[in-house]
Amino acid sequence: MKLSKMKIAAVSTMAGLMFSVSAHSALISCNTDPTINYMQISDTQASACLASGVGNLNGNPASDLFLTGAGSDYELASKSDSSNPYNLSYGSDPNTWEFDSNFWNDYSEAALGFKFGTGNQPDEWFVFSLQSLVSSGQWSFITGSDIRPTGGGLSHMNLYGKKGDFTVPEPGAVALLGLGLVGLTIARRKKKAA
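Mapped onto mature numbering (1 follows the signal peptide of the UniProt record, and there is no 0), the consecutive letters of the sequence shown carry residue numbers -25 to -1, 1 to 169.
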């Protein structure tokens, strides 16, 4: 009897280990033409590249190239070089970005814009939609094969938000724990009664 319980435990442990193998992330590229500048972010942080191009991302709803185009349903939430209520910041070596996670209390979707000083060589700016609740990550900027590297690197970042309906998740774990406790109580009472 003890031997079969040990076998079951060993098989269960092995099955658990097989299913707990870590998954590797893929990179999302903003621009697929390797002859011009492009960016990459892990798909654990971003869900898609929304837009890229030449020009500036200034955060002004009337002239920002993202807000007047693909991002017309977003609004500027924070900017690393001026109005910055969500403390949007970036670092280098490694290339990182982060902002205050309280952003997610105010917005249901996020997009992160990067503006590079490339000497007006394409592409200069890139915008990625972020995975829900992500507030930090890493990025890569790759100079295109037909581009002579000029400019001063990352100029600034913009955090765009989209307000929407917020759904509060049902506390399923608490309910499951409660059902387990009720089951244990009933089992204990049946044992006492017997």
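Just so it is clear, CB atoms sit at the ideal spot from N, CA and C, and this is done for glycine as well.
If you're wondering where the values come from, they're calculated on a predicted model, not measured in any experiment.
Apply the 10 Å Cβ neighbour rule to residue 172 and answer buried if 16 or more other Cβ atoms are within range, or exposed otherwise.
Any answer about residue 172 is impossible in this case: the structure gives the chain only from -25 up to 169.
For the alpha helix (DSSP H) that contains tryptophan 79, what are its first and last residues?
78 to 81
Touching or not, the stretch 58 to 71 and the stretch 40 to 48, by the rule of three or more beta carbon pairs under 8 Å?
no
Output the distance between the C-alpha atoms of leucine 25 and isoleucine 122, rounded to the nearest integer angstrom.
23 Å
Note the first and the last residue of the continuous beta strand (DSSP E) segment covering alanine 26.
21 to 28 is the extent of the beta strand (DSSP E) around alanine 26.
Whole-number beta carbon distance between glycine 139 and serine 83, since they are thought to touch under 8 Å:
4 Å
Which residues does DSSP pair with valine 102 in a beta bridge?
Ala26, Gly88
Excluding the 5 residues preceding and the 5 following alanine 1 in the sequence, name in chain order all residues of the same chain whose CB lies nearer than 6 Å to its CB.
Asp18
Between Ile117, Gly136, Gly92, Gly128, which lies nearest to proline 36 when the distance is taken from Cα to Cα?
Nearest C-alpha to proline 36: Gly136.
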